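Numbering (this note's numbering), first residue to last: 204 to 412.
Yeah, the Cβ is synthetic: ideal placement off N, Cα and C, and Gly gets one too.
Just so we're clear, the structure is a prediction, and the values are computed from it rather than from any experiment.
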């Protein structure tokens, strides 16, 4: 639902990124259906999934290296017609002041944290109803991680639905309403943050912590 954050968790190689790729139309699901606002998106190309309101922050960030920060953001800017509260570049810069200072810098000259901020901003520019983050804070310095989580809290409060993959259980527990743990592509546990934090057995068995 609007403003809900769902965490998708599991050990490496258990199907988290594959799940994201199926949602985004990059892989065909082997079973089941994928619905966005009630519309079946199974088998649809990725651009149609994006048009339906799903924004992706991919693992590894994948910013356009030879485009400036501003050009990266403009590359995914949605058609503004019919958008209730369209995202504009200035709003992205307000959320991430570090990007505003580098607006003319090339993507490949940004730090890892700045690239992740840019990847989030780029996804927001399509005006998504659902934002998906694959490895939201992987490889980032603690200060930058806190900034990313703070950004996600603000987006949640603004009513954006979020699906997030990350390895930091404590950070996920602070923001997520529901947690799903998958193993070999199947859900093996689901619960809220309190249930996850209280179950050492679940964390040990399925997350290795």
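Distance, residue j Cα to residue i Cα
| i | j | result |
| --- | --- | --- |
| residue 286 | residue 329 | Caution is warranted here: a pLDDT of 46 is assigned to residue 286, below 50, making its placement in the model unreliable, and the coordinate value is therefore given only provisionally. Approximately 10 Å, taken between the alpha carbons. |
| residue 264 | residue 319 | 6 Å |
| residue 283 | residue 216 | Because the pLDDT at residue 283 is just 49, under 50, the model does not fix this residue reliably, and the point stays unresolved. |
| residue 337 | residue 404 | 25 Å |
| residue 256 | residue 407 | 36 Å |
| residue 343 | residue 235 | 35 Å |
Exposure of residue i, with buried meaning 16 or more beta-carbon neighbours within 10 Å
| i | result |
| --- | --- |
| residue 340 | buried |
| residue 325 | buried |
| residue 396 | buried |
| residue 268 | exposed |
| residue 348 | buried |
| residue 364 | buried |
| residue 369 | buried |
| residue 275 | buried |
| residue 266 | buried |
| residue 204 | exposed |
Limits of the unbroken beta strand (DSSP E) element including residue i
| i | result |
| --- | --- |
| residue 236 | Run containing residue 236: none; DSSP gives neither H nor E here. |
beta-carbon residue i near the ligand FMN non-hydrogen atom, thresh 7 Å
| i | result |
| --- | --- |
| residue 272 | As presented, the structure is devoid of all ligands, the ligand FMN included, so that no description of it is given. |
Pair within 8 Å by beta-carbon distance, residue i and residue j
| i | j | result |
| --- | --- | --- |
| residue 391 | residue 210 | no |
| residue 292 | residue 279 | no |
Opening and closing residue of the alpha helix (DSSP H) in which residue i lies
| i | result |
| --- | --- |
| residue 346 | 345 to 360 |
Contiguous alpha helix (DSSP H) assignments of at least 4 residues, all confined to the stretch 267 to 343: Secondary structure in the stretch 267 to 343: the alpha helix (DSSP H) runs of 4 residues or longer, each lying completely within the stretch, are 272 to 278, 292 to 298, 300 to 304 and 315 to 327 in chain order.
Can you list the alpha helix (DSSP H) stretches of 4 or more residues lying completely in the stretch 367 to 410, in chain order? Runs found: 372 to 378 and 396 to 401.
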